[in-house]
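Enquirer: Below you'll find the structure I mean.
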């Protein structure tokens, strides 16, 4: 899981852990688990509205259409 990967990265000396994803569903306590594991920031597209949806995909889709 992302939380496990973050723990390992921090244990191996990572200064910061960033997570990037397409659809940030963040079900239940997912965000809390990631932060507790050492994730510093989560960045996602705006395909699913969430507090971490910062990358707009509309321009890319419009260009293809």
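In this note's numbering, the protein residues as written are 18 to 82.
A virtual CB, placed ideally from N, CA and C, is assigned to each residue, including glycine.
1. Can you grab the Cα-Cα spacing for the pair residue 8 / residue 42, in whole Å?
2. Please name the residue, chosen from 40, 63, 69, that lies closest to residue 57 on a Cα-to-Cα basis.
3. Under a three-way DSSP split, which group does residue 144 fall into?
4. Specify the secondary structure class of residue 81 as computed by DSSP and reduced to three states.
5. With C-beta atoms as the reference, is residue 37 less than 8 Å away from residue 60?
Expert: In this structure, then:
1. Here the chain covers residues 18 to 82 and nothing more, so residue 8 does not appear.
2. 69
3. What is shown of the chain runs 18 to 82, which leaves residue 144 out entirely.
4. helix
5. yes
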